[in-house]
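S.K.:
Numbering (our numbering), first residue to last: 8 to 82.
(1) With a threshold of 8 Å on Cβ separation, who are the neighbours of residue 48 within its own chain once the five nearest residues in sequence on each side are excluded?
(2) On the CB-based measure, 16 or more other CB atoms within 10 Å of its CB, does residue 64 come out buried or exposed?
(3) Tell me the residue span of the alpha helix (DSSP H) that contains residue 49.
(4) Are there 16 or more other CB atoms within 10 angstroms of the CB of residue 20, so buried, or fewer, so exposed?
(5) State buried or exposed for residue 52, treating a residue as buried only when at least 16 other CB atoms are found within 10 Å of its CB.
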């Protein structure tokens, strides 16, 4: 079994409001997620080619978030 490393954790801001009307409504979930992953990479200085897997949690799965948002953000 390969070794696993947890380097850091980060979260996106959470906009409050009705669907399509909140402060983050103009952002696609995948773009918001990729912003978080880029920030983690910049903060820790690792090579993204060394990342084999991304573990992602979603507090409210609505529309685009209900898919594999971690995978889509990493791509």
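Idealized CB from N, CA, C, for every residue including glycine.
Remember, it's a predicted structure, so these values are computed and weren't measured experimentally.
M.R.: In this structure, then:
(1) Your numbering for residue 48 matches position 41 in the chain shown. If we look at residue 48 and ignore the five residues flanking it on each side, its Cβ neighbours are 55.
(2) By 1-based counting over the chain shown, the position of residue 64 is 57. Exposed, by the Cβ-count rule.
(3) Counting from 1 along the chain shown, the entry for residue 49 is found at position 42. 36-51 is the extent of the alpha helix (DSSP H) around residue 49.
(4) Mapped onto the chain shown, residue 20 falls at position 13. Classification of residue 20: exposed, given that the 10 Å Cβ count is below 16.
(5) Here residue 52 refers to the residue found at position 45 of the chain shown. The residue in question, residue 52, is exposed, as its Cβ has fewer than 16 Cβ neighbours within 10 Å.
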